[in-house]
Amino acid sequence: MPSDSRFEWIAELMRIRPDDRILEIGAGSSPSVAYLAAGLTSGWVLAIDRSATAITRSAKKHAALVDSGKVELRVAEVEELLPEELPDDPFTKILAVNVNLFWTRRAATELALIRNLLAPGGRLYLAYGYGAADGDPSESPKPAAAELDANLAAAGFTTRVESSGDLLCVIATPDE
């Protein structure tokens with residue numbers, strides 16, 4: 028797998044455990060799936076994207092991971108995920124990288140669904156940026172962390188913000 032400092036940084040922030048159950052929203056055909064699955068043993072990744080083309084590309088790129096059972100790819104939007112169509116175990120981590128849904132509007136319906144999909148103590152990671160973890164912070168457009176924080180707080184999440192170079196990640200935990 029070619030090195031990508033953006034996804035290395037995100038995976039490091041997520042502190043992925045071997046048994047994590049991870050949902051990636053808007054996975055596209057990026058290498059993110061491989062970074063998420065790298066340390067998994069009994070865990071797995073469900074990667075969704077609304078683009079059938081992106082999922083087809085990702086299936087080719089990550090065929091070995093799909094064949095191993097560590098990764099499942101689906102054409103879907105987050106609001107189309109039905110808990111009864113998902114594995115019984117809730118997700119320990121949910122990731123969305125450069126997904127405008129959480130940036131351009133409150134996404135209250137989607138965030139309520141995400142709360143229901145997360146295991147107790149689970150976390151949502153909203154990451155933005157196209158540059159490097161050690162790059163220029165103004166290299167790519169990103170939402171204001173305060174705006175993401177306000178939207179997540181309104182949906183019942185407590186947040187913390189991490190940034191490095193051109194990358195921003197808001198880590199959200201559902202309030203209890």
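Per my numbering, residue 28 is the first one in the sequence shown, and the count goes up by one each step.
Don't be surprised by glycine CBs; every beta carbon is placed ideally from N, CA and C.
Please read all numbers here as calculations on a predicted model, not as lab measurements.
Close Cβ partners of residue i (< 6 Å) along its chain, the five nearest in sequence each way excluded
| i | result |
| --- | --- |
| Asn178 | Arg133 |
| Ile37 | Ala154 |
| Asp161 | Gly192 |
| Ala74 | Glu51, Ala54, Val60, Leu100 |
| Glu104 | Arg77 |
| Lys169 | Tyr155, Gly156, Leu195 |
| Leu63 | Ile49, Val72 |
Neighbour-count burial assignment, residue i, 16 or more Cβ in a 10 Å radius
| i | result |
| --- | --- |
| Gly96 | exposed |
| Glu137 | buried |
| Lys87 | exposed |
| Asp163 | exposed |
Pick from the options that is closest to residue i, judged by C-alpha positions
| i | options | result |
| --- | --- | --- |
| Lys120 | Ser30, Ala199, Thr68 | Ala199 |
| Gly148 | Pro117, Val188, Gly158 | Pro117 |
| Val102 | Leu194, Leu40, Ser57, Ser78 | Ser78 |
| Trp130 | Arg142, Leu175, Pro58 | Leu175 |
| Ala54 | Glu107, Gly158, Asp31, Asn125 | Asn125 |
| Ala65 | Ser85, Glu39, Thr80 | Glu39 |
| Ala173 | Gly183, Arg187, Ser165 | Arg187 |
| Tyr157 | Ala146, Thr185, Leu194 | Leu194 |
| Ser165 | Ser190, Ala180, Val98, Tyr152 | Ser190 |
Expected contact under 8 Å - CB spacing of residue i and residue j to nearest Å
| i | j | result |
| --- | --- | --- |
| Ile52 | Ala123 | 4 Å |
Inter-residue spacing [alpha-carbon to alpha-carbon] between residue i and residue j
| i | j | result |
| --- | --- | --- |
| Leu144 | Leu113 | 9 Å |
| Glu111 | Asp46 | 21 Å |
| Ser167 | Leu128 | 17 Å |
| Gly183 | Arg150 | 13 Å |
| Met41 | Leu108 | 22 Å |
| Thr68 | Glu203 | 29 Å |
| Ile43 | Asp115 | 20 Å |
| Val197 | Ala181 | 14 Å |
| Gly70 | Ala171 | 33 Å |
| Val98 | Tyr152 | 19 Å |
7 Å CB neighbourhood of residue i in its chain, flanking five on each side removed
| i | result |
| --- | --- |
| Ser56 | Ala81, Arg84, Ser85, Lys88 |
| Pro201 | Arg142, Leu145, Gly183, Phe184 |
| Ala159 | Ser32, Arg33, Gly192, Asp193 |
8 Å CB neighbourhood of residue i in its chain, flanking five on each side removed
| i | result |
| --- | --- |
| Asp94 | none |
| Glu106 | Thr136, Glu137, Leu140 |
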